[in-house]
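If you count the sequence shown from 1, you need to add 1 to reach this note's numbering.
All C-beta atoms, glycine included, are put in the ideal place defined by N, C-alpha and C.
Values in this document were obtained by computation on a predicted structure and should not be read as measured data.
Worksheet for the structure shown next.
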Amino acid sequence: MVSYWYPRGRFLIKPANFRQLHQKRKQQESKLPALKNFRQNSSQKAESGDHTQRQTQANVRGVISFKPSLSPTHSCHLNNRHGLQRERGNALLRWTGFLLKWAPVGICVFGAIEWQLNKQNCIKNRTLHTATQFQSKIYSLLPLRLISRCWGWLASCYVPESVRPFIFGLYANTFKVNLGEALYPDLKHYKTLAEFFTRPLRDGVRTIDADAPLISPADGKILHLGKACRSLIEQVKGVNYNIADFLGPTTWLRESKQNSNNDMNALKYATNDSTILYHCVIYLAPGDYHRFHSPANFDPLFRRHFTGDLFSVSPRIATWLPGLFCLNERVLYVGEWEHGFFSFTAVGATNVGSVQIFMDAELKTNQWVGFKNPRSFYDLTIDHGNFFKKGDLIGQFNMGSTIVLLFEAPVGFEFKVKPGQKIKVGQCLGHILY
Numbered sequence: 002m003v004s005y006w007y008p009r010g011r012f013l014i015k016p017a018n019f020r021q022l023h024q025k026r027k028q029q030e031s032k033l034p035a036l037k038n039f040r041q042n043s044s045q046k047a048e049s050g051d052h053t054q055r056q057t058q059a060n061v062r063g064v065i066s067f068k069p070s071l072s073p074t075h076s077c078h079l080n081n082r083h084g085l086q087r088e089r090g091n092a093l094l095r096w097t098g099f100l101l102k103w104a105p106v107g108i109c110v111f112g113a114i115e116w117q118l119n120k121q122n123c124i125k126n127r128t129l130h131t132a133t134q135f136q137s138k139i140y141s142l143l144p145l146r147l148i149s150r151c152w153g154w155l156a157s158c159y160v161p162e163s164v165r166p167f168i169f170g171l172y173a174n175t176f177k178v179n180l181g182e183a184l185y186p187d188l189k190h191y192k193t194l195a196e197f198f199t200r201p202l203r204d205g206v207r208t209i210d211a212d213a214p215l216i217s218p219a220d221g222k223i224l225h226l227g228k229a230c231r232s233l234i235e236q237v238k239g240v241n242y243n244i245a246d247f248l249g250p251t252t253w254l255r256e257s258k259q260n261s262n263n264d265m266n267a268l269k270y271a272t273n274d275s276t277i278l279y280h281c282v283i284y285l286a287p288g289d290y291h292r293f294h295s296p297a298n299f300d301p302l303f304r305r306h307f308t309g310d311l312f313s314v315s316p317r318i319a320t321w322l323p324g325l326f327c328l329n330e331r332v333l334y335v336g337e338w339e340h341g342f343f344s345f346t347a348v349g350a351t352n353v354g355s356v357q358i359f360m361d362a363e364l365k366t367n368q369w370v371g372f373k374n375p376r377s378f379y380d381l382t383i384d385h386g387n388f389f390k391k392g393d394l395i396g397q398f399n400m401g402s403t404i405v406l407l408f409e410a411p412v413g414f415e416f417k418v419k420p421g422q423k424i425k426v427g428q429c430l431g432h433i434l435y
C-alpha cells in the first residue's frame, strides 16, 4: 500500500512504502534511547487489555505523521531558503511600519511648504491669501461632521448640579457671555451645555426698532453687506460666490423665470430697475445669544435644506476659503416682503449640533446617513399662514454660526451698519431713503 508524504521542500511529493517507513522509524528510535524508554514505561503502566489497542493506534499515527529525514545538504539548502524568506518578510514589515509611522509627518511638511508658497505668491501678486484647490480638498477630508455630531451629543449630556457653576462659568469667562441679560442668570438652572448655549433673554433686554424696515435677526458681527452685482455676492472683501450656487435651482419660481439667463432678474419681483438685490452676512460667535428672530415682516413660501459640509464660518476661515457658504450645510427660507423677494438662510458650522426652526418640526440637520450619498438638498413648500412679524422668534443654533440675508429693496435703500460692527437683535440694519 502506498501513501504520500510531504517533505519540507516546496512543491515536492514523493511516494513511500509503509514497510520502508517503519524500518526507518525503528532506526531513529535506536538513535534516541531516551524516547524509546519513555514509550516502554508509558505502555507498561496501561492495562494489558488496552495495551495492544493503544500500541496499534500509536503505530498508525506514527506512520501517518512520520516525516523522513533529509540529507544534510538538502536540509541546509531548505533552511537557507526559509531564512531568506523570513528576512524578506521582516524587511517588508520594517519598511511598511517605517512608512506608516512617518507618513503623517511628511504630509504635514508638504502641506506647510505648499501653504507658504501660496502665501508668498499672494503677497508678491498683492492678492488675497485664499485656499487653493488642494488645500480645500485636504480641509474637506477632516471629519468635521463627525466631530460636530459628537459635540452635539456631548452638549446634550446631563451636567451634575455641583459642577455646573464651574463648567458654565469657565465657558462664560472664555467667550465673554453677558449673564446679566439671561432670563436665568443662575448657572445651576441649566442642565446641559445645550440649554446654556440656547439660553433665552429677559424681556426688554432687546428692543425692536419699529421704524426700521429691516432689523438685525441675531446678536453678532457684520461680516459683509452691500449690493449683489452681476449675480455675485461678496463673502468678505474680495471673495465672491455665485447666487445660483448659494440658492440652488429656482424651482419655486414660475417656469418662465426659471429659464431666465439672468439670475438676479429671475429673483426680483419688480420688472423694472426700481429695485435691486442686497445681502447681509452676520456671524454669531460662541458667546453670543444663539437664538435668531425675523428681520422683517416676512412671508416664507419655500424651504430648502442643503446637506453640505460643516466648515468653520469664523471670519478667518471665511476670508481664506472661497464659496464657504455654498459648501456648508444650510437651511434656506424663501418668501416675500413688502418690497419683493426675501430669503433668510441659517448656515451650519463646525460644532453646530443642529439648526432648529421652531415652526418646522420636520427639519433635521447634521443627521447620520451611514455610507450612502445623501441628496444635495431637500425641498418643502410651506403652507400659507406662517407669516413672520418683525422680531418674531424663528429658531436657534446649538453653537455659533452665520445668517445670510438676501433681499430685494428699492434703489434708495441704504445700510446703517458697517462690516466688522457688533450688532444686537432688533437693531436697525438700514433705511429706505427714497
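Less than 8 Å between C-beta atoms, sequence neighbours within five positions excluded: which residues of the same chain meet that for residue i?
| i | result |
| --- | --- |
| Asp274 | Val412 |
| Pro316 | Lys222, Leu224, Val237, Tyr284 |
Is the CB-CB distance between residue i and residue j below 8 Å?
| i | j | result |
| --- | --- | --- |
| Gly436 | Ser355 | Lying outside 2 to 435, the shown extent of the chain, residue 436 is not represented and no answer is given. |
| Phe176 | Gly288 | yes |
| Ser141 | Asp310 | yes |
| Leu406 | His280 | yes |
| Ile283 | Ala347 | no |
| Trp253 | Phe303 | yes |
| Arg292 | Gln397 | yes |
| Val164 | Lys192 | no |
| Ser217 | Leu430 | yes |
| Thr131 | Pro323 | yes |
| Gly342 | Glu409 | The sequence given here has Phe at residue 342, not Gly. Result yes, Cβ atoms of Phe342 and Glu409 sit closer than 8 Å. |
| Thr272 | Phe378 | no |
| Ala229 | Leu202 | no |
| Ser149 | Thr276 | no |
| Ser344 | Leu333 | yes |
| Leu364 | His306 | yes |
| Asn387 | Arg146 | no |
Can you look up residue i in the DSSP assignment and give me helix, strand or coil?
| i | result |
| --- | --- |
| Val61 | Note that Val61 has pLDDT 43, beneath the 50 cutoff, so the model's placement of it is unreliable and no number is given. |
| Val335 | strand |
| His190 | helix |
| Glu415 | strand |
| Gly181 | helix |
| Leu268 | helix |
| Ile395 | strand |
| Ile114 | helix |
| Phe1 | This structure leaves residue 1 out entirely; the chain is present only between 2 and 435. |
| Glu409 | strand |
Would you kindly report the start and end of the unbroken alpha helix (DSSP H) that includes residue i?
| i | result |
| --- | --- |
| Lys138 | 134-141 |
| Pro316 | 316-321 |
| Leu248 | 244-248 |
| Cys151 | 145-156 |
| Leu325 | 325-328 |
| Leu171 | 165-176 |
What residues are listed by DSSP as bridge partners for residue i?
| i | result |
| --- | --- |
| Phe342 | Glu337 |
| Asn241 | Glu235 |
| Tyr379 | His306 |
| Arg203 | According to DSSP, which records beta bridges pairwise, Arg203 is partnered with nothing at all. |
| Asn273 | The partner list for Asn273 (beta bridge, DSSP) is empty, contrary to what the question assumes. |
| Ile216 | Cys429 |
| Thr403 | Tyr284, Val348 |
| His385 | In DSSP, His385 forms no bridge with anything. |
| Phe299 | Phe389 |
| Tyr279 | Lys228, Phe408 |
| Ile209 | Answer is none; Ile209 lacks a bridge partner. |
| Lys365 | Beta-bridge pairing links Lys365 to no other residue. |
Counting only beta-carbon separations shorter than 8 Å, does residue i have a partner in chain C?
| i | result |
| --- | --- |
| Gln368 | Protein chain content of the structure displayed is limited to a single chain, and chain C is not contained in it. |
State the start and end residues of the unbroken beta strand (DSSP E) segment that holds residue i.
| i | result |
| --- | --- |
| Gly431 | 429-433 |
| Gln357 | 356-358 |
| His291 | Counting along the chain, His291 falls outside any beta strand (DSSP E), and DSSP gives it neither H nor E. |
| Gly421 | Here Gly421 belongs to no beta strand (DSSP E), and DSSP marks it neither H nor E. |
Below 6 Å CB to CB, which residues in the same chain sit around residue i once its five sequence neighbours on both sides are set aside?
| i | result |
| --- | --- |
| Val206 | Glu182 |
| Leu194 | Ala156 |
| Thr199 | His291, Gln397 |
For residue i, which residues of its own chain have a beta-carbon under 7 Å away from its beta-carbon, when the five flanking residues on both sides are left out?
| i | result |
| --- | --- |
| Asp318 | The residue you asked about is not Asp; residue 318 is Ile in the sequence shown. Around Ile318: Phe312, Leu325. |
| Leu394 | Arg292, His294, Phe359 |
Can you tell me whether residue i sits near the ligand ATP, meaning its C-beta is under 7 Å from at least one heavy atom of the ligand?
| i | result |
| --- | --- |
| Lys391 | Only the bare structure without any ligand can be found here, which leaves the ligand ATP out of the picture. |
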